[in-house]
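Using mature numbering (1 follows the signal peptide of the UniProt record, and there is no 0), the letters of the sequence shown correspond one by one to residues -21 to -1, 1 to 131.
First comes the structure, then the notes that go with it.
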Amino acid sequence: MRRVLTAVAIVILGLSQMATAVTSSEIMLDPRQDQRARALYGEVRCVVCQNEAIGDSQADIAADMRREIRTEILSGKTDTDIREGLTARYGDYVLFRPRFSAGNLILWLLPLALVLAGVSTLAVMAKTKRKTKSYGLDEGEQKALDDLINKP
(Lines of atoms letter the chains of each structure in order from A and count residues from 1; the text may use other names and numbers.)
(Lines give C-alpha, C1' and ligand atoms only; values in the text may rest on other atoms or scores of the structure.)
Protein backbone atom coordinates (compact mmCIF):
# COMPACT_ATOMS: atom_id res chain seq x y z
CA MET A 1 0.00 0.00 0.00
CA ARG A 2 2.86 2.34 0.84
CA ARG A 3 4.41 1.80 -2.60
CA VAL A 4 1.12 2.61 -4.31
CA LEU A 5 0.76 5.86 -2.35
CA THR A 6 4.36 6.77 -3.17
CA ALA A 7 3.78 6.08 -6.85
CA VAL A 8 0.59 8.17 -6.84
CA ALA A 9 2.42 11.02 -5.09
CA ILE A 10 5.23 10.90 -7.67
CA VAL A 11 2.74 10.96 -10.56
CA ILE A 12 0.81 13.89 -9.05
CA LEU A 13 4.05 15.79 -8.42
CA GLY A 14 5.18 15.12 -11.98
CA LEU A 15 1.87 16.27 -13.45
CA SER A 16 1.86 19.43 -11.36
CA GLN A 17 5.32 20.27 -12.69
CA MET A 18 4.07 19.91 -16.26
CA ALA A 19 1.37 22.53 -15.67
CA THR A 20 3.86 25.37 -15.96
CA ALA A 21 5.30 26.20 -19.34
CA VAL A 22 8.52 27.69 -18.00
CA THR A 23 11.08 24.90 -18.03
CA SER A 24 13.99 24.43 -15.68
CA SER A 25 16.38 25.48 -18.45
CA GLU A 26 14.67 28.88 -18.49
CA ILE A 27 15.42 29.66 -14.85
CA MET A 28 17.96 32.45 -14.51
CA LEU A 29 20.88 32.11 -12.08
CA ASP A 30 20.33 35.49 -10.42
CA PRO A 31 17.10 35.26 -8.36
CA ARG A 32 16.31 38.97 -8.88
CA GLN A 33 16.66 38.65 -12.64
CA ASP A 34 14.58 35.49 -12.61
CA GLN A 35 11.87 37.27 -10.61
CA ARG A 36 11.90 40.18 -13.11
CA ALA A 37 11.64 37.75 -16.01
CA ARG A 38 8.72 35.89 -14.44
CA ALA A 39 6.92 39.18 -13.73
CA LEU A 40 7.34 40.15 -17.38
CA TYR A 41 6.17 36.69 -18.49
CA GLY A 42 2.87 37.44 -16.71
CA GLU A 43 2.46 40.83 -18.42
CA VAL A 44 3.04 39.62 -21.97
CA ARG A 45 0.33 37.91 -24.00
CA CYS A 46 1.14 34.90 -26.17
CA VAL A 47 0.49 35.98 -29.75
CA VAL A 48 -0.70 32.46 -30.64
CA CYS A 49 -2.82 31.65 -27.57
CA GLN A 50 -3.96 35.29 -27.24
CA ASN A 51 -5.53 35.11 -23.78
CA GLU A 52 -2.67 33.31 -22.11
CA ALA A 53 0.50 34.78 -20.66
CA ILE A 54 3.76 33.59 -22.20
CA GLY A 55 4.72 32.15 -18.82
CA ASP A 56 1.81 29.73 -19.06
CA SER A 57 1.86 29.04 -22.79
CA GLN A 58 3.30 25.91 -24.38
CA ALA A 59 3.53 27.55 -27.83
CA ASP A 60 6.93 27.77 -29.50
CA ILE A 61 6.56 31.52 -30.03
CA ALA A 62 5.97 31.96 -26.28
CA ALA A 63 9.23 30.09 -25.58
CA ASP A 64 10.99 32.39 -28.06
CA MET A 65 9.50 35.45 -26.36
CA ARG A 66 10.62 34.19 -22.93
CA ARG A 67 14.12 33.59 -24.33
CA GLU A 68 14.13 37.12 -25.79
CA ILE A 69 13.11 38.61 -22.42
CA ARG A 70 15.84 36.68 -20.58
CA THR A 71 18.46 37.80 -23.12
CA GLU A 72 17.42 41.43 -22.79
CA ILE A 73 17.46 41.25 -18.99
CA LEU A 74 20.99 39.81 -19.12
CA SER A 75 22.03 42.62 -21.48
CA GLY A 76 20.95 45.18 -18.87
CA LYS A 77 17.74 46.51 -20.40
CA THR A 78 15.02 47.88 -18.12
CA ASP A 79 11.53 46.41 -17.96
CA THR A 80 10.22 49.48 -19.82
CA ASP A 81 12.77 48.97 -22.61
CA ILE A 82 11.78 45.31 -22.87
CA ARG A 83 8.05 46.16 -23.04
CA GLU A 84 8.71 48.80 -25.70
CA GLY A 85 10.75 46.33 -27.75
CA LEU A 86 7.98 43.73 -27.56
CA THR A 87 5.30 46.24 -28.57
CA ALA A 88 7.48 47.47 -31.44
CA ARG A 89 7.84 43.91 -32.68
CA TYR A 90 4.37 42.46 -31.95
CA GLY A 91 2.12 45.52 -31.48
CA ASP A 92 0.27 46.93 -28.47
CA TYR A 93 -1.89 43.82 -28.24
CA VAL A 94 1.05 41.82 -26.87
CA LEU A 95 0.72 43.53 -23.47
CA PHE A 96 -2.17 42.64 -21.18
CA ARG A 97 -2.18 46.30 -20.04
CA PRO A 98 -1.61 48.32 -23.21
CA ARG A 99 -0.18 51.80 -22.90
CA PHE A 100 -2.29 54.87 -23.57
CA SER A 101 -1.39 56.19 -27.03
CA ALA A 102 -3.02 57.78 -30.06
CA GLY A 103 -3.00 54.41 -31.80
CA ASN A 104 -5.14 52.69 -29.20
CA LEU A 105 -7.11 55.77 -28.14
CA ILE A 106 -10.31 54.20 -29.43
CA LEU A 107 -9.84 51.24 -27.07
CA TRP A 108 -9.71 53.59 -24.10
CA LEU A 109 -12.50 55.96 -25.19
CA LEU A 110 -14.96 53.55 -26.81
CA PRO A 111 -16.56 52.36 -23.54
CA LEU A 112 -17.16 55.97 -22.47
CA ALA A 113 -18.58 56.84 -25.91
CA LEU A 114 -20.94 53.84 -25.77
CA VAL A 115 -22.23 54.84 -22.34
CA LEU A 116 -22.80 58.43 -23.48
CA ALA A 117 -24.59 57.23 -26.63
CA GLY A 118 -26.84 54.98 -24.54
CA VAL A 119 -27.71 57.74 -22.09
CA SER A 120 -28.41 60.13 -24.99
CA THR A 121 -30.66 57.59 -26.68
CA LEU A 122 -32.62 57.01 -23.47
CA ALA A 123 -33.00 60.77 -22.94
CA VAL A 124 -34.30 61.27 -26.49
CA MET A 125 -36.69 58.34 -26.14
CA ALA A 126 -38.03 59.66 -22.83
CA LYS A 127 -38.52 63.12 -24.31
CA THR A 128 -40.34 61.87 -27.40
CA LYS A 129 -42.67 59.75 -25.28
CA ARG A 130 -43.91 62.84 -23.51
CA LYS A 131 -44.61 64.53 -26.84
CA THR A 132 -46.87 61.77 -28.15
CA LYS A 133 -50.37 62.93 -28.82
CA SER A 134 -53.44 61.24 -27.41
CA TYR A 135 -55.90 60.47 -30.20
CA GLY A 136 -59.53 60.35 -29.14
CA LEU A 137 -62.44 59.00 -31.16
CA ASP A 138 -65.09 61.29 -32.60
CA GLU A 139 -68.76 60.56 -31.87
CA GLY A 140 -69.33 58.44 -34.99
CA GLU A 141 -66.25 56.30 -34.35
CA GLN A 142 -67.18 55.87 -30.69
CA LYS A 143 -70.72 54.77 -31.65
CA ALA A 144 -69.37 52.28 -34.20
CA LEU A 145 -67.00 50.89 -31.58
CA ASP A 146 -69.77 50.58 -28.98
CA ASP A 147 -71.95 48.78 -31.55
CA LEU A 148 -69.15 46.29 -32.25
CA ILE A 149 -68.55 45.66 -28.58
CA ASN A 150 -72.21 45.29 -27.63
CA LYS A 151 -73.09 43.18 -30.68
CA PRO A 152 -74.47 39.79 -29.56
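Every residue, glycine too, gets a C-beta built ideally from N, C-alpha and C.
Just so you know, these numbers come straight off a predicted model, no measurement behind them.
Confirm, please, whether the CB-CB distance from Arg49 to Ala16 is below 7 angstroms.
-> yes
Run through DSSP, which three-state label would Leu74 get?
-> strand
Would you mind reading off the limits of the alpha helix (DSSP H) that contains Gly21?
-> 10 to 22
How many angstroms separate the CA atom of Leu124 from the CA atom of Pro131?
-> 14 angstroms
So, do the region 38 to 46 and the region 85 to 92 have three or more beta carbon pairs nearer to each other than 8 angstroms?
-> no
Take Leu127 and list the residues in its own chain whose beta-carbon comes closer than 8 angstroms to its own, dropping the five residues that flank it on each side.
-> none
CB contact flag (Phe75, Glu22, <7 angstroms) | yes
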